[in-house]
Amino acid sequence: MSIITTYLEDEIKQKLREQGIVIWLDKDAHYNSYVDELITRHRQGEFFAPVVAFRGSYLEMLFALESYGNGLVPEPLLIHLPGHTEDTIRKTPILELYRAGYRFRKALDTLIREASTGQVTPTELENYLSQSVTDLTAAETWLENTLSQPQDSLAKYLDNFSLEWILEGLLDLDSIINEAKKLRAKFPDTHSLDTLTQHLYRHTGMDETFLQFYSNQETLSFSRLGEAFAAWLMCVEYVQDLNRSPHLPQLQPLNQLSPPLRKNCKQLIEYLRQRHPDTYATKAVIVESHLEPELQKLTPEELSKIKTFQWGENAILAAAVQALLAAEFSKVLGWSQPRTESPAFWLERDRTHKIEWTLIQSAATFGDKIQNSGRIKTLDNLRAALEYYTQSGYQVDRAHRRFEQQCFNLLESKLPHFAQLLEATEKLRRQYRIWADTLAQDFTAICQKDSFLPEDDLQQRTLYDQVIHPLTQNNHKKVAYFLIDAFRYEMATELLKEFTEAGTIVSLKARYAELPSITAVGMNALAPVSQGGKLLLAGDNGFKGFKTGEYTVRSPQERVRAMKDKSISHHGKGNKDIASFNLTEVRNNTTSKLKKSCADVRLIVIHSREIDDAGEANLGLATFESWLQQIKAAWNHLKNIGVNEFVLTADHGFLLQDHTTQEIKYGSKKDPNRRHIIDLEPRSEQGCVTVSLSSLKYEGQNKYLIFSKDTSVFATGNPGATFVHGGNSLQERVIPVLTVSHRYNSHLGMVKYLIEAQADNNKIRLRVKPAPLPQSVLNFAEAKTINLAFHVPNRQDIQITIKDVIGAGINNQQLQIPVTDEWVEVLFDLRGQRDERVRIEIFHPDGIEDIEATIPQEYFDVSGSLKTEIPTTQTPSINDWQDSFEDKTVAQVFLHLQKHNSITEIELTQILGNARKARRFALDFEEYLKKVPFSVRIETTSNGKRYVKQN
Numbered sequence: 006m007s008i009i010t011t012y013l014e015d016e017i018k019q020k021l022r023e024q025g026i027v028i029w030l031d032k033d034a035h036y037n038s039y040v041d042e043l044i045t046r047h048r049q050g051e052f053f054a055p056v057v058a059f060r061g062s063y064l065e066m067l068f069a070l071e072s073y074g075n076g077l078v079p080e081p082l083l084i085h086l087p088g089h090t091e092d093t094i095r096k097t098p099i100l101e102l103y104r105a106g107y108r109f110r111k112a113l114d115t116l117i118r119e120a121s122t123g124q125v126t127p128t129e130l131e132n133y134l135s136q137s138v139t140d141l142t143a144a145e146t147w148l149e150n151t152l153s154q155p156q157d158s159l160a161k162y163l164d165n166f167s168l169e170w171i172l173e174g175l176l177d178l179d180s181i182i183n184e185a186k187k188l189r190a191k192f193p194d195t196h197s198l199d200t201l202t203q204h205l206y207r208h209t210g211m212d213e214t215f216l217q218f219y220s221n222q223e224t225l226s227f228s229r230l231g232e233a234f235a236a237w238l239m240c241v242e243y244v245q246d247l248n249r250s251p252h253l254p255q256l257q258p259l260n261q262l263s264p265p266l267r268k269n270c271k272q273l274i275e276y277l278r279q280r281h282p283d284t285y286a287t288k289a290v291i292v293e294s295h296l297e298p299e300l301q302k303l304t305p306e307e308l309s310k311i312k313t314f315q316w317g318e319n320a321i322l323a324a325a326v327q328a329l330l331a332a333e334f335s336k337v338l339g340w341s342q343p344r345t346e347s348p349a350f351w352l353e354r355d356r357t358h359k360i361e362w363t364l365i366q367s368a369a370t371f372g373d374k375i376q377n378s379g380r381i382k383t384l385d386n387l388r389a390a391l392e393y394y395t396q397s398g399y400q401v402d403r404a405h406r407r408f409e410q411q412c413f414n415l416l417e418s419k420l421p422h423f424a425q426l427l428e429a430t431e432k433l434r435r436q437y438r439i440w441a442d443t444l445a446q447d448f449t450a451i452c453q454k455d456s457f458l459p460e461d462d463l464q465q466r467t468l469y470d471q472v473i474h475p476l477t478q479n480n481h482k483k484v485a486y487f488l489i490d491a492f493r494y495e496m497a498t499e500l501l502k503e504f505t506e507a508g509t510i511v512s513l514k515a516r517y518a519e520l521p522s523i524t525a526v527g528m529n530a531l532a533p534v535s536q537g538g539k540l541l542l543a544g545d546n547g548f549k550g551f552k553t554g555e556y557t558v559r560s561p562q563e564r565v566r567a568m569k570d571k572s573i574s575h576h577g578k579g580n581k582d583i584a585s586f587n588l589t590e591v592r593n594n595t596t597s598k599l600k601k602s603c604a605d606v607r608l609i610v611i612h613s614r615e616i617d618d619a620g621e622a623n624l625g626l627a628t629f630e631s632w633l634q635q636i637k638a639a640w641n642h643l644k645n646i647g648v649n650e651f652v653l654t655a656d657h658g659f660l661l662q663d664h665t666t667q668e669i670k671y672g673s674k675k676d677p678n679r680r681h682i683i684d685l686e687p688r689s690e691q692g693c694v695t696v697s698l699s700s701l702k703y704e705g706q707n708k709y710l711i712f713s714k715d716t717s718v719f720a721t722g723n724p725g726a727t728f729v730h731g732g733n734s735l736q737e738r739v740i741p742v743l744t745v746s747h748r749y750n751s752h753l754g755m756v757k758y759l760i761e762a763q764a765d766n767n768k769i770r771l772r773v774k775p776a777p778l779p780q781s782v783l784n785f786a787e788a789k790t791i792n793l794a795f796h797v798p799n800r801q802d803i804q805i806t807i808k809d810v811i812g813a814g815i816n817n818q819q820l821q822i823p824v825t826d827e828w829v830e831v832l833f834d835l836r837g838q839r840d841e842r843v844r845i846e847i848f849h850p851d852g853i854e855d856i857e858a859t860i861p862q863e864y865f866d867v868s869g870s871l872k873t874e875i876p877t878t879q880t881p882s883i884n885d886w887q888d889s890f891e892d893k894t895v896a897q898v899f900l901h902l903q904k905h906n907s908i909t910e911i912e913l914t915q916i917l918g919n920a921r922k923a924r925r926f927a928l929d930f931e932e933y934l935k936k937v938p939f940s941v942r943i944e945t946t947s948n949g950k951r952y953v954k955q956n
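For the sequence shown, the working numbering begins at 6 and goes up steadily by one.
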C-alpha cells in the first residue's frame with residue numbers, strides 16, 4: 006500500500022478497535038474502490054474486521070448486516086455509506102445502527118494533507134491540492150512520484166529521528182556526551198543547514214521568510230536556526246490562540262498553516278515547555294522582545310487567551326486587578342477561571358501571581374453574587390423570604406465566607422499587587438455590609454408584617470417530631486442525628502455535593518431557628534421539647550433550657566434523654582436503644598469500636614460545637630473548612646458501619662463581621678448581648694425592633710426581645726468579634742435540614758494506601774501509593790486522587806496554611822494528591838501565639854480510603870503572630886523526637902541542650918567521644934536541627950563554638 010492508503014487504514018483500524026462499530030460517511034464517494042478492496046481482503050483473512058458497503062440497495066445491506074451487532078459487546082464492524090452525510094443518514098433504515106456506532110469522516114484533501122505532511126514541502130502539497138483532487142489513486146501516484154526524487158544522506162539521517170530529538174539537538178539540550186555524535190556536529194556548514202531547514206519546513210511549515218524576519222537577515226548558523234525554530238513554534242501557538250489575524254505582517258501567514266503542521270508545532274512547543282521549562286522560559290523572553298510591537302496592541306480579552314509569553318500573563322493580571330477595582334466582576338471571572346482551574350506554565354513558575362489569581366477569582370465571585378442577588382422588599386411572608394434565601398441569597402454569604410477565608414490565608418504584603426487587592430477587599434466588604442444590612446432590614450419588615458414565628462413546618466421546634474421521630478419508628482433503619490452548632494445553611498450546600506453517590510438520596514431543606522438565635526435556645530429546641538407548639542422556659546430569667554415533663558432540657562445528656570423518651574423507650578427492650586457521641590469521638594473511634602458501640606442502637610445523636618467554638622475564638626476563617634470535612638468524615642465513618650439515615654441540622658447560623666459593622670450603645674456594656682437584648686418592658690429603640698416572648702409562643706416568662714433591624718451589634722465588653730449570632734438576620738436564623746438516605750451500603754472494601762513524606766524547612770514533598778498486598782488478596786478499584794490535610798495534633802491554637810502546591814490540586818486547604826510515583830511539593834506556614842517548633846500530622850480527612858496518618862520526624866517553625874481566644878496548649882514534655890536519631894550520642898547532645906540550654910565544643914566532644922565526630926556533628930547540624938522541637942544558634946567564642954538553645 007502507498008503512504009496515503011497506509012495512513013488511512015491505520016486510522017480506520019484504530020477507530021474499529023476503540024469504538025467497535027464504525028459508520029463511514031463518504032459524502033463524495035471518493036473511497037469506493039478502496040473499500041471494495043477491504044471487503045476482498047477481509048474474506049481472504051488479510052483485514053481483521055468485517056466490512057459492509059452500501060452499493061445502492063438498503064435491503065441488500067440490511068441482509069448483510071443481520072449477523073452483526075447482536076452481542077453485548079459490539080464487535081468491530083466497518084459500514085461504508087458513500088453519498089451520505091449526518092443529515093441524509095437520518096432518512097435511511099441505517100439510522101438506528103448509525104446512532105449505536107461511531108461516525109467516521111475523512112475528506113480526500115484532508116487525508117492527503119495529513120498523510121503527506123513531512124513527506125513533501127507545504128508549498129508542493131498546497132499547489133497539488135489547489136488542483137481540486139478527486140481521485141485517491143491519482144493522489145497516491147503524485148506522492149510516489151514526488152518522493153522518488155533523489156535524497157541526500159543528511160536528509161535520510163534526519164528521517165530516522167523524531168522532531169522532539171531534533172528540537173533538543175538544535176537547542177543543545179540533547180544529553181549526548183560525545184560531541185561528535187551531537188546534532189550540531191552533523192550540520193556544520195551552509196549546505197547541511199539548508200537540508201535541516203528544509204526538513205523543518207516540511208514538518209512544521211517554518212519557511213525562509215520567517216527565518217529572514219527573525220534572524221534580521223543575518224547569515225544562518227546552527228545556533229540561529231535553533232533560536233528561530235523555537236520562535237516559530239511559539240509564534241504558531243500565539244497566532245492560533247489569538248484567533249484573529251496578527252498585526253505584524255510577518256506573522257499573518259501563520260494563520261494559513263495547515264492543521265497537520267499546526268498539530269506538529271503544538272506537540273513540539275508543549276514538549277519543550279514540559280521537558281525543558283527553564284529553556285522555554287529563557288527563549289520566550291527573547292521572542293517577546295522581537296514581537297513587542299505586536300504584543301503591545303493586544304486587548305485584555307485577547308491577552309487572556311495567550312499562554313505563550315509571560316508578558317501577556319503580567320499584562321492580563323494587571324488588567325484583572327483594575328477591572329476588579331472597577332467592579333467589572335463578570336469580566337474578571339472570564340479571565341480568572343481558566344487560570345485557577347488549570348494554571349498555565351507562567352503561573353506555575355510564579356507563586357505570587359498564582360496566589361493573586363486565586364484571590365482575584367474569589368473576590369470577583371463574591372462581587373458578582375452581590376451584584377446579582379436581588380432584594381426581598383416586595384415579599385410579604387416568611388415562607389417566601391426563606392425561598393429567596395435558599396435559592397440565591399445564601400450564595401452571597403457562601404462567597405463572602407470563602408473570600409474572607411482566602412484573604413486570611415493568602416493576602417499578604419509581599420504580593421506584587423497587595424495595595425490594589427487590599428483596596429478591592431475594602432470595597433467588597435463595604436458593598437457586602439450594605440447588602441447584608443438591606444437584607445436584614447427587609448426581612449425585619451416582613452417579620453413585622455407577617456410574624457417572627459414561621460408556620461409549623463418551618464419551625465425549628467417541630468423538626469424532631471416531623472423529621473427525626475418518624476425515621477426512628479422503622480425497625481430496619483439506624484438513624485444518625487447531627488446537632489451542629491453554628492452550621493450555617495450555606496455550609497450545608499457545600500456538603501450536599503459531597504454526600505451524593507450511588508444508592509444515596511440527598512435532600513437539603515431549611516427552617517427558621519428560634520429567637521434569639523443562640524445555642525441555649527436552638528440546641529435544646531432540636532430535641533422534642535415542644536408542647537402543643539409552645540416552649541416552656543426554665544427559670545425566670547433568660548434562656549436556661551426548656552421544661553418537658555419532669556425535667557429540664559439544657560444539656561446534651563438531657564436532649565438525648567428527651568429523644569429516648571419520645572422515640573425509643575415505649576418500644577420496650579431489644580434493638581431500640583440510643584447512643585450519643587461528640588464529633589471527635591465518631592471521627593477518632595476505630596470502625597470496629599464504633600460498630601460495637603452502635604450494635605443495638607436505633608438512634609445515634611452526634612453533638613458538634615467545633616464550628617461555633619472556632620468562630621467565638623476568632624479562628625473561624627482559619628478552621629471552618631476543616632470542620633466541615635470532619636463532619637463529612639464522621640458521616641462516612643457511620644455510613645460504613647451500617648447507618649442508613651442521616652439528618653444534619655443546626656441550632657443557628659451566624660454573621661461574619663468586620664470593621665464595617667456598626668455598633669449600637671444600649672445601657673451599660675453588660676446589659677446587652679451582641680445581637681439581642683432581653684428586657685422586662687417593650688422598648689422603642691432607634692434602628693431596633695421589639696418582639697414579645699409570648700408572640701414567639703414561649704411560656705414561663707413575660708419579657709421582650711430587642712433586635713437590631715440590620716447587622717449592627719450592641720456594644721458589649723467583647724469588641725472586634727468577627728463571628729456573631731443571636732439576632733434576627735437570615736444568616737443567623739436560616740438553618741439547614743440536610744437528609745441523606747442510603748438504600749444500600751456501597752462500602753465494599755477500601756484499598757489501603759501509604760503516605761510518603763520528605764520534609765525540608767516549611768516545605769514537604771509527598772506522594773500516595775497503594776500499599777503492597779499479599780498475592781492472594783484481591784485489590785479493589787483504586788482511587789485516582791486522595792484528599793490529604795495537615796494539622797498539629799492536639800494543638801487547635803496553631804493554624805496551618807497551605808500556600809502553594811506543585812504537582813497536585815488544592816481545594817479549601819485540602820490537597821488532592823494523584824496516586825502515582827510522582828512527588829508533590831507543598832509549601833505551607835504555621836502561625837500560633839508564640840514562636841516554637843512543632844511536628845505536623847498528614848492525614849486523610851474524608852475517611853473514605855484506608856490511609857494511616859503519618860507524622861514526619863522533622864520539626865517546623867511556628868510564627869507567633871496569631872491572635873486567638875483559645876488558650877495556648879502546652880507542648881507535651883515527651884522526648885520521642887530523640888528516637889529519630891540513629892546515633893544515640895547525637896540525641897544525647899540535644900537532650901543536654903534541652904535541659905541546660907547550651908553546650909560548648911569541649912562538652913560536645915566529650916559526649917560524642919572524639920573530635921572527628923564533633924566535626925561531623927557541625928557539618929550535619931542543620932539536618933539534625935529539623936528533628937528537634939526547639940531552635941539552636943551557634944556562637945563563636947574565644948574557646949571555640951558554643952551551641953545555644955533559643956527560647
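Cβ atoms here follow ideal geometry from the backbone N, Cα and C, with glycine treated the same way.
Nothing here was measured: the structure is a model prediction, and the numbers come from that model.
Identity of the residues DSSP links to residue i by a beta bridge
| i | result |
| --- | --- |
| TYR285 | According to DSSP, which records beta bridges pairwise, TYR285 is partnered with nothing at all. |
| THR727 | According to DSSP, THR727 bridges with nothing at all. |
| THR553 | TYR556 |
| PRO87 | ASP31 |
| GLU741 | Note that residue 741 is Pro in the sequence shown, not Glu. Paired residues: ALA515. |
| ASP582 | VAL606 |
Supposed contact pair residue j and residue i - C-beta distance, whole angstroms, cut 8 angstroms
| i | j | result |
| --- | --- | --- |
| ASP490 | ASP402 | Not confirmed; about 17 angstroms, so no contact. |
| HIS89 | LYS20 | About 17 angstroms separates the two Cβ atoms, so there is no contact after all. |
| THR363 | LEU415 | 6 angstroms |
| LYS569 | ILE583 | 5 angstroms |
| ALA160 | THR200 | 5 angstroms |
| ARG748 | GLU761 | In fact, because the Cβ distance is near 38 angstroms, the residues do not count as touching under 8 angstroms. |
| HIS405 | LEU661 | 6 angstroms |
| ASN737 | ALA518 | The displayed chain sequence assigns Glu, not Asn, to residue 737. GLU737 to ALA518, Cβ: 7 angstroms. Contact. |
| ILE646 | THR589 | So it is not a contact: roughly 17 angstroms between Cβ atoms. |
| ARG770 | VAL829 | 7 angstroms |
Backbone secondary structure at residue i - three-state DSSP
| i | result |
| --- | --- |
| ASN784 | Only weak support is given to the placement of ASN784: the predicted model assigns it a pLDDT of 49, under 50, and the value that follows is read from those uncertain coordinates. It is coil, neither helix nor strand. |
| GLN821 | strand |
| VAL125 | strand |
| PHE487 | strand |
| LEU140 | In the sequence under discussion, the amino acid at residue 140 is Asp, which differs from the Leu named in the question. Coil. |
| THR914 | helix |
| ILE401 | Looking at the sequence shown, residue 401 is not Ile but Val. It is helical. |
| LEU13 | helix |
| ALA349 | coil |
Within 8 angstroms, strictly: CB atoms of residue i and residue j
| i | j | result |
| --- | --- | --- |
| LYS746 | ASN649 | Looking at the sequence provided, one finds Ser at residue 746 rather than Lys. The answer is yes: Cβ separation under 8 angstroms. |
| TYR12 | GLU119 | yes |
| VAL337 | ILE311 | no |
| GLU709 | THR695 | Note that residue 709 is Tyr in the sequence shown, not Glu. Yes; because the gap between Cβ atoms is below 8 angstroms, this pair is in contact. |
| ASP851 | GLN634 | yes |
Contact test: residue i Cβ vs the ligand ATP heavy atom, cutoff 7 angstroms
| i | result |
| --- | --- |
| ARG118 | Ligands displayed in this structure: none; no statement on the ligand ATP is therefore possible. |
* Can at least three beta-carbon pairs, one atom from the region 337 to 347 and one from the region 272 to 286, be found at a separation below 8 angstroms? -> No, they do not touch.
* Evaluate the contact criterion for the region 275 to 292 versus the region 343 to 361: three or more CB pairs, one atom per stretch, below 8 angstroms. => Because the criterion of three Cβ pairs below 8 angstroms is met, the region 275 to 292 and the region 343 to 361 touch.
* Asked: Should the region 462 to 479 be called in touch with the region 527 to 539, which here means at least 3 C-beta pairs below 8 angstroms?
  -> Inter-segment contact for the region 462 to 479 and the region 527 to 539 is present: three or more beta-carbon pairs are separated by less than 8 angstroms.
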